[in-house]
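Step one of this worksheet: look at the structure below.
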Amino acid sequence: MSDGAVLHVKGRVLAGPDDVRDELWVVGGRVCYDRPAGARDITTVAGWALPGLVDAHCHVGLGAEGPVDTDTAEKQALTDRETGTLLIRDAGSPSDTRWIDDRDDLPKIIRAGRHIARTRRYLRNYAWEIEPEDLVAHVAREARRGDGWVKLVGDWIDRDLGDLSPCWPREAVQAAIAEAHRLGARVTAHCFAENSLRDLVEAGIDCIEHATGLTEDLIPLFAERGVAIVPTLVNIATFPRLADGGEKKFPRWSAHMRRLHERRYDTVRAAYDAGIPVFAGTDAGGTLPHGLVAEEVAELVAAGIPPVDALAATSWAARAWLGRPGLEEGAPADLVVYETDPRADVRVLAAPRRVVLNGRVVE
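Each residue of the sequence shown is one higher than the one before, counting from 643 in this note's numbering.
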């Protein structure tokens, strides 16, 4: 498409779960619902259009051993784009990916800086590894480095205990979260276990990643405080394999991981039923491949979330939560077009007909 070209999307435009339009136009890279006067160079795309999908837990620039080179990070971002993911909340990366902001052909990224973990309590080369007395200072630094988010590692295996345990004293996270909020950033935390959650929520945290340890007694607290969860069910599916690998050395941890996996769907459905905000995230990067957002949405449906709400978790609701527009008049034209209605069957998300980023057809 030339700079003066107009894109016409017709069929059904899902501007919201109940806001269905017959068409939209893309003029100057932005959404318009009125036919532009005098338009000549028009490209037409037909189908069911959604706002560009959101992966709310993704790691661009991160590989199994830590930071990756620019070429690898570009391939990661392109893989996400190919599957319709056009907005990423990067939930911790040791790589500087600011160069992506200068590329109008790559997904937009909201960064959480680099993970902040307790010394020797996380994957090597992923995080800043510090002690509690340094937590406030590191949170302040990552709040300034990120795009409105900071990522803590809330729990991890304690090798002396042989099981998951909290990484931070309550007073340390309370001071750190208060500092992040003072600087205008929200805070999220990696949490698998049950016993790390109450202190984090009561300390004012905004989101919990994975949240496999969410229990019946904690659900009302999450709901009352409006703390969101990003379950990353495609990642939780790996727990049995991880448990098998750790069985000999850490049998207690392995048994715990299996229990968390076994009740994963019940946990997510109970959170949803209680009104806890649930968003789609894949945990791509590290050991998981990119481009899994369609599988994650299908997992949310398998957990019992109604298809339209599972779809909202990667589109309308997710964009609103992150403060980014969908298909409003004048918004950047980031959208995905499908053959059939994704509200009827979310599996269609795995096969985009067209991907439009910044008003240009890129796939």
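Heads up, the beta-carbon is just placed ideally off N, CA and C, and yes, glycines get one too.
Query: Option nearest residue 864 by Cα separation, candidates 876, 840 and 885; Result: 840
Query: Residue 793, buried or exposed, once every other Cβ within 10 Å from all chains shown has been counted against 16; Result: buried
Query: Touch test, the stretch 699 to 713 against the stretch 653 to 673, Cβ-Cβ under 8 Å, three pairs minimum; Result: no
Query: Complete runs of the alpha helix (DSSP H) confined to the stretch 877 to 923 [at least 4 residues]; Result: 881 to 888, 893 to 904 and 906 to 915
Query: Simplified DSSP state of residue 761, which is helix, strand or coil; Result: coil
Query: Residue 712, enclosing alpha helix (DSSP H) - first and last residue; Result: 712 to 724
Query: Alpha-carbon spacing of residue 848 relative to residue 972, whole angstroms; Result: 29 Å
Query: The stretch 722 to 741 contacting the stretch 773 to 781, beta-carbon criterion three pairs below 8 Å; Result: no
Query: Exposure of residue 767, with buried meaning 16 or more beta-carbon neighbours within 10 Å; Result: exposed
Query: Simplified DSSP state of residue 742, which is helix, strand or coil; Result: helix
Query: Cβ shell of residue 743 (< 7 Å), same chain only, five flanking positions each side left out; Result: none
Query: Closest by C-alpha distance to residue 861, when choosing among 909, 731 and 733; Result: 909
Query: Straight-line Cα distance separating residue 691 from residue 654; Result: 6 Å
Query: Backbone CA spacing between residue 816 and residue 747 [nearest angstrom]; Result: 39 Å
Query: Unbroken alpha helix (DSSP H) run spanning residue 951, endpoints; Result: 949 to 954
Query: Cβ neighbours of residue 923 in the same chain (closer than 8 Å, five flanking residues each side left out); Result: 697, 698, 699, 700, 731, 733, 851, 872, 873, 874 and 938
Query: Counterpart residues of residue 624 in DSSP-defined beta bridges; Result: Missing from the structure shown is residue 624; the chain here goes from 643 to 1005 and no further.
Query: 8 Å CB neighbourhood of residue 858 in its chain, flanking five on each side removed; Result: 912
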